[in-house]
Structure formats: C-alpha cells, structure tokens
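> One structure is given below, represented as structure tokens, and several questions about it will come after.
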Amino acid sequence: MIYLDSAATSLQKPRSVERAMMSAMRSMASPGRGGHRPAMLAADMAFDCRAELAGFFHMENPERIIFTMNATHALNIAIHSCVRRGDRVIVSGFEHNAVVRPLHTVGAEVKIAASPMFEPQAAIEAFAKNLPGADIAVCCHVSNVFGYVLPLPEIAQLCRQHGVTLIVDASQSAGVLDINFPQLGAEYIAMPGHKGLLGPQGTGVLVCRDSALPLMQGGTGSNSAAIEMPDFLPDRLEAGTHNITGIAGLLAGVRYVRENGTKKLLRHERDLGQMLAKRLMQIPGMEVFRSEEPTYQTGVLSVRHRDITCEELAERLGANGVAIRAGLHCSPTAHRTADTFDTGTARFSFSPFNTMNEIQHAAALTAEIVNKE
Amino acid sequence: MGYEIAGRRCSMPHYLIMCRSLTYAQRAARVLERIGITAIVTKAPQGTGHEGCAYCVKVSEKRLAESLTALKNADLGPGKVFMLGPGGEILHEVRK
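Structure below.
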C-alpha cells in the first residue's frame, strides 16, 4: 500500500511513537489521580509533552498547551469560548467544517474574506477590507484541500491592528510550518496530533493565550471539593481521564519533528508534490491545482479529470494499492472558492515517509487508469 | 531516620511548597531542578488546607529560602509552605 492521504491522518509514524505508546500502556496511569508511581510517571510524561509543544510554538508556559481529542474538539473550545450569537466573524475562503459548523451553531454572522487560491496578497487585501468592525477572525493556516499556505503572519498583524480576536486552525500546518504563537498574537491555535505532528489518532492540541470556557465539566484531579471547574489551565479545559497512551505517542511524534526540523520535512513533502504535479499535468484532461510559487503550497495536491470522477479515480487507485482521498474533504467552503464544489477533487497528500519511487508509481498508475477511460 | 514520598526515600527535615495544580507543581520542580535544587512533585497530604487533590513540591530545609526566591522570580508565586515531621506528617505551616 502506498499511503498518500496524510492530510487526513499520517499513517506511517516514527518507530518511537509505537514504542512510547506501548510503554505508556504498560506503565502509566492517569496524571493528577494519585501520588503513586504509575500516576506520577503519566504526569511527568504529560508535562514533558506540554513542554515539548510549548517549545515548538516558542512559548514559555506549558500549562497553556491543552490536550484535546482532535483539532475539531480544540476548535470547538476556542469558538464556543469567544464567539457569541450575532458576532461578526471573518473567515478565509478555505475553512473546514470544523470551523464553519460550530460558527453556524453559535449563530455567528459569518463573512468570508474571499480571495483566489495561491494569491496571498489578495488574501491580505480581503482580510484588510473585512476586518474593520469584526469581532473575531478564524483562519486556517493551510487549506486541507489544496495545501495553499495562507499569509497567516500578515493576517494576524491585521487582526492586531483592528483589535480582532484571532483563532487559527493549524490542522495542516502544525509539524509542517514554523508557528510562533507569541509573535502571531492569536488567542487560540487548534491542531490535531495525528497529522503533521505524527502522533496517534485521538490526540489534539489547543494552544491558549489566556483562558477559555470548558466545553465539558468533570473531574480534573484538582480542587476536587469545589463544584466549579478550576480557573487555571490546563485543568480548566481538561475534564476527565487523559488519553495517556495517545499523549505518549504524540510526545514521540513531536520530538521526531523537532529533531528533523520542519524545514527539512516540508522540503521533502514539497519535492514529492512538485514531482507528482509535473507528472500528472502531462495527462490530457487532468486539472492540477498547483502553485507556480512552491512556497505557497505544502505537500497536498488536488486534481480532477475531465473524463473520470474523483471518487472513481480514488477507488481505482485504492484497488491498486494507492490510498488517496476524493470528494469535498469536509471543506465545501474551499471548494466553492476554487470552483470545484460540483466535482470535488482527488487529493494526494504526503508524509515524511513517502518516497519518490512511490510518487512515480502513483503517477504512472493514475495515467494508466485515466487512459483506460 | 527518614520516610518515603512518591516512592522516594527522604531524609528530614523537608518542606512542602503548595502549588495551584499538578502542572504548576511540575513547572516549579523544573525551575528548581534547573538551579540544582532537588524538588519532588507529590500529592499534597491531609492537613494542608487545600480544596482536595492538590499537589506540591518537596524541598530540603537548607534550600527552602532559595527555592521560594526562584519560584517568585519565575512568576510561579509559591503558595503555602508546610514543615514535614520525621514521619512525613505535617508539623506546621511556616508561610501563608
């Protein structure tokens, strides 16, 4: 199996992730639920993971790293904490349903700062035009459909200028691009643990500037006599038993990313994407969503073909051992922006563990499938 | 003489510095360890006046003043401090 669906979940993980999870399962209990060795081992590891992530995002305070189930969970905490019914919320034209649906549920007045793909200057201008008078901005760092890198530092600067609270969806950029949380001045950054950070499914992270409203209430292993949730982080936002096995894997994944460096990992994924794009562009009838400027795109490549549906292409590739994802990728907003809503796209996305040989095989197989049509 | 806390053998006398949460206790321990002070994170015993399930760091008597200064400098404003008896029991509060 050649796995090219890392924008959904990175399947291949460093060996250290598996080892860390097995070790945690055998030896660790729950942090804050006792003073015995298994509880304290879990507490030490969870703290190490917070400290590692804090360092990764250039932060000093590990308690502002909140463990969540996934990026959607983290985004829900952020959105439900600071968006109220009727608030004017500005979003990019590339947002995932993990952003769009909670905003709809809250009853926000959502306005899309629309701009074409792979044109960061246009995105800056669209935000500059829409931010005055807004309450909140929510912006993905990288489009999950097209790998388009939005100009986040500039958008964050505009938000600061206009006094607009910024929530960042770093689902496709955490572990891929450098993110300097204090410099951005965002209120929250949400991310999964199971994509670029190379941790297991069931892990996510919310980075907080200050506090937030708990989405759930329950035991935290602190202030147990009080009926209210604690007022301090991370306890305030982490009710219930932690996914310690997952967090152990996440710690190993983050360490792997930091040891190798995001620049090196991204360069590899970009090289794979550029190579695949060049090969697929040679196929008659194939539309390839590729940026002329490589730095505007990560290792995510969407395509569609005149004669075969995206679902059909993905199914045939899958039947022949190449895993990709087709459809709307939970991002109808992005597809409306790119005018691909009616067809969806077939998305190839890469990890540090994919090779050029795999990409060549996937390109050749795609050409073969399309030529049979 | 001595006693065990969190599975580690301790010699006396020692002090418990109360922290607002487990994570703060862990941060405090890291701050102290960075300047060469042995600090053990442990669950707060009965009699420390907390609201249940609190954590603290344990330091030796000789390093208490230094520890409190370091924690204050690190913006980890230490909470109450208790002196531990030879059996690990709370003797008395020495700092509010």
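Line by line, the protein sequences are chains F and C.
Each residue of the first sequence is one higher than the last, beginning at 32 in this note's numbering.
Each residue of the second sequence is one higher than the last, beginning at 955 in this note's numbering.
We treat Cβ as the ideally placed atom computed from N, Cα and C, and that holds for glycine.
Can you tell me whether DSSP reads arginine 378 of chain F as helix, strand or coil?
Sequence index remark: in the first sequence, residue 378 of chain F carries index 347 (1-based). In the structure shown, arginine 378 of chain F sits in a strand (DSSP, three-state: E or B).
> Could you confirm whether any beta carbon from chain F is found closer than 8 Å to the beta carbon of valine 995 of chain C?
Your numbering for residue 995 of chain C matches position 41 in the second sequence. Yes - at least one Cβ of chain F is within 8 Å of the one on valine 995 of chain C.
> To the nearest angstrom, report how far apart serine 58 of chain F and proline 69 of chain F are at their CA atoms.
Numbered from its first residue, the first sequence carries residue 58 of chain F at position 27. Numbered from its first residue, the first sequence carries residue 69 of chain F at position 38. Answer to the nearest angstrom: the Cα atoms are 6 Å apart.
> Consult DSSP for cysteine 170 of chain F and reduce its assignment to one of helix, strand or coil.
Taking the first sequence and counting its residues from 1, one reaches residue 170 of chain F at position 139. Strand at cysteine 170 of chain F.
> In the structure shown, what three-state DSSP assignment does leucine 396 of chain F receive?
Counted from its first residue, the first sequence places residue 396 of chain F at position 365. Helix.
> List, in chain order, every chain F residue whose beta-carbon is nearer than 9 Å to that of serine 975 of chain C.
If you number the second sequence from 1, residue 975 of chain C lands on position 21. In chain order: Gly63, Glu94, Thr251, Gly252, Ser253, Asn254, Pro261, Phe263, Leu264, Pro265, Asp266.
> Quick check: the segment 1015-1032 of chain C against the segment 983-994 of chain C, are there 3 or more CB pairs under 8 Å?
Because the criterion of three Cβ pairs below 8 Å is met, the segment 1015-1032 of chain C and the segment 983-994 of chain C touch.
> Can you check whether the C-beta of glycine 956 of chain C is within less than 8 Å of a C-beta belonging to chain F?
Within the second sequence, residue 956 of chain C is the residue found at index 2, counting from 1. For glycine 956 of chain C, the predicted model reports a pLDDT of 49, less than 50, meaning its position is unreliable and no value from the coordinates is stated.
> Alpha helix (DSSP H) containing histidine 299 of chain F: first to last residue?
Translated into positions along the first sequence, residue 299 of chain F becomes position 268. Element bounds for histidine 299 of chain F: 293-312.
> Using a threshold of 8 Å, state whether the C-beta atoms of isoleucine 108 of chain F and threonine 99 of chain F are closer than that.
Locating residue 108 of chain F in the first sequence gives position 77, where the first residue counts as 1. Locating residue 99 of chain F in the first sequence gives position 68, where the first residue counts as 1. Yes, they are a contact pair.
> Give the range of the alpha helix (DSSP H) segment to which leucine 976 of chain C is assigned.
To locate residue 976 of chain C, count along the second sequence from 1; it is residue 22. 976-988 is the extent of the alpha helix (DSSP H) around leucine 976 of chain C.
> How is proline 223 of chain F classed by DSSP in three states: helix, strand or coil?
Residue numbering aside, residue 223 of chain F sits at position 192 when the first sequence is read from its first letter. The answer is strand: DSSP assigns proline 223 of chain F an E or B state.
> Tell me whether alanine 982 of chain C is buried or exposed, calling it buried when 16 or more other Cβ atoms sit within 10 Å of its Cβ.
In the second sequence, counting from the first residue as 1, residue 982 of chain C sits at position 28. Its Cβ being crowded by 16 or more others within 10 Å, alanine 982 of chain C is buried.
> Give me the chain F residues within the contact set of arginine 988 of chain C, using Cβ-Cβ distance strictly less than 8 Å, ordered along the chain.
As a first step, residue 988 of chain C is located in the second sequence; it is residue number 34 there, counting from the start. Per Cβ cutoff of 8 Å: no residues; arginine 988 of chain C is ~12 Å from chain F at best.
> When you compare each of C:Pro967, C:Cys973, C:Lys1026 to leucine 264 of chain F by their alpha carbons, which one comes out closest?
Numbered from its first residue, the first sequence carries residue 264 of chain F at position 233. Leucine 264 of chain F has its Cα closest to that of C:Cys973, out of C:Pro967, C:Cys973, C:Lys1026.
> Report yes or no: is there a C-beta of chain C within less than 8 Å of the C-beta of phenylalanine 320 of chain F?
Working through the first sequence from its first residue, we reach residue 320 of chain F at position 289. It does not: the Cβ of phenylalanine 320 of chain F has no partner Cβ on chain C nearer than 8 Å.
> Helix or strand or just coil, what does DSSP make of glutamine 248 of chain F?
Locating residue 248 of chain F in the first sequence gives position 217, counting from the first residue. In this structure, glutamine 248 of chain F counts as coil in the three-state DSSP scheme.
> Check whether the segment 997-1011 of chain C and the segment 242-260 of chain F touch, using three or more Cβ-Cβ pairs below 8 Å as the test.
Touching, yes, given that three or more Cβ pairs across the two stretches are closer than 8 Å.
> Cα separation between leucine 42 of chain F and alanine 394 of chain F?
In the first sequence, counting from the first residue as 1, residue 42 of chain F sits at position 11. In the first sequence, counting from the first residue as 1, residue 394 of chain F sits at position 363. Each residue's Cα considered, the two are about 20 Å apart.
> Nearest chain F C-beta to alanine 1008 of chain C closer than 8 Å, yes or no?
The residue labelled residue 1008 of chain C in the question sits at position 54 within the second sequence. For alanine 1008 of chain C, the answer is yes, since a Cβ of chain F falls inside 8 Å of its Cβ.
> Within the 8 Å Cβ cut-off, does phenylalanine 177 of chain F reach chain C?
In the first sequence, the residue the question calls residue 177 of chain F occupies position 146. Phenylalanine 177 of chain F does not count as touching chain C.
> Closer than 8 Å, Cβ to Cβ, to anything on chain C: give me those residues from the segment 370-389 of chain F, in chain order.
The residues in question: there are none.
> If you draw a straight line from the C-alpha of arginine 50 of chain F to the C-alpha of lysine 1034 of chain C, how long is it?
The sequence position of residue 50 of chain F within the first sequence is 19, counting from 1. The sequence position of residue 1034 of chain C within the second sequence is 80, counting from 1. Each residue's alpha carbon lies about 40 Å from the other.
> Between cysteine 190 of chain F and leucine 197 of chain F, what straight-line distance do the alpha-carbon atoms span, to the nearest angstrom?
Translated into positions along the first sequence, residue 190 of chain F becomes position 159. Translated into positions along the first sequence, residue 197 of chain F becomes position 166. Straight-line Cα distance between these residues: approximately 7 Å.
> Any idea what DSSP makes of glutamate 49 of chain F, helix, strand or coil?
Locating residue 49 of chain F in the first sequence gives position 18, where the first residue counts as 1. In the structure shown, glutamate 49 of chain F sits in a helix (DSSP, three-state: H, G or I).
> Using DSSP's beta-bridge definition, name the partner residues of isoleucine 143 of chain F.
Within the first sequence, residue 143 of chain F is the residue found at index 112, counting from 1. Looking at the DSSP assignment, isoleucine 143 of chain F forms a beta bridge with F:Val122.
> Along chain C, which residues have their Cβ under 8 Å away from the Cβ of alanine 74 of chain F?
Translated into the one-based positions of the first sequence, residue 74 of chain F becomes position 43. Those are Leu976, Gln980, Val995, listed as they occur along chain C.
> Please report how far the alpha carbon of valine 1013 of chain C lies from the alpha carbon of phenylalanine 1036 of chain C, in whole angstroms.
For this step, residue 1013 of chain C is matched to residue 59 along the second sequence. For this step, residue 1036 of chain C is matched to residue 82 along the second sequence. In a straight line, the C-alpha of valine 1013 of chain C is about 11 Å away from that of phenylalanine 1036 of chain C.
> Quick test of your reading: cysteine 170 of chain F and serine 112 of chain F, contact by CB under 8 Å. State the CB separation rounded to the nearest angstrom.
In the first sequence, residue 170 of chain F corresponds to position 139, counting from 1. In the first sequence, residue 112 of chain F corresponds to position 81, counting from 1. The pair is not a contact, with the Cβ atoms about 17 Å apart (cut-off 8 Å).
> Our contact map puts glutamate 353 of chain F next to isoleucine 33 of chain F with C-beta atoms below 8 Å; I'd like the distance itself, whole angstroms only.
To locate residue 353 of chain F, count along the first sequence from 1; it is residue 322. To locate residue 33 of chain F, count along the first sequence from 1; it is residue 2. Correcting the residue type first, residue 353 of chain F is valine in the shown sequence and not glutamate. Confirmed, about 5 Å.
> By the 10 Å Cβ neighbour count, where 16 or more other Cβ atoms means buried, how is phenylalanine 379 of chain F classified, buried or exposed?
To locate residue 379 of chain F, count along the first sequence from 1; it is residue 348. Result: buried.
> Where do the N-terminal and C-terminal ends of the beta strand (DSSP E) with valine 199 of chain F fall, by residue?
One-based indexing of the first sequence puts residue 199 of chain F at position 168. Here the beta strand (DSSP E) through valine 199 of chain F covers 196-200.
> Taking the DSSP output, what are the residues bridged to phenylalanine 320 of chain F?
Mapped onto the first sequence, residue 320 of chain F falls at position 289. DSSP output for phenylalanine 320 of chain F lists F:Ser333 as bridge partner(s).
> Could you tell me which residues DSSP pairs with tyrosine 34 of chain F in its beta bridges?
Your numbering for residue 34 of chain F matches position 3 in the first sequence. DSSP, once it has assigned bridges, lists F:Ala354 as partnering tyrosine 34 of chain F.
> Using only the alpha-carbon positions, how far apart do threonine 329 of chain F and glycine 271 of chain F sit?
Within the first sequence, residue 329 of chain F is the residue found at index 298, counting from 1. Within the first sequence, residue 271 of chain F is the residue found at index 240, counting from 1. Approximately 36 Å, taken between the alpha carbons.
> Taking the alpha-carbon of threonine 136 of chain F as reference, which of F:Ala398, F:Phe177, F:Val120 has the nearest alpha-carbon?
Position 105 of the first sequence, counted from the first residue, corresponds to residue 136 of chain F. Checked all of F:Ala398, F:Phe177, F:Val120; the closest Cα to threonine 136 of chain F is F:Val120.
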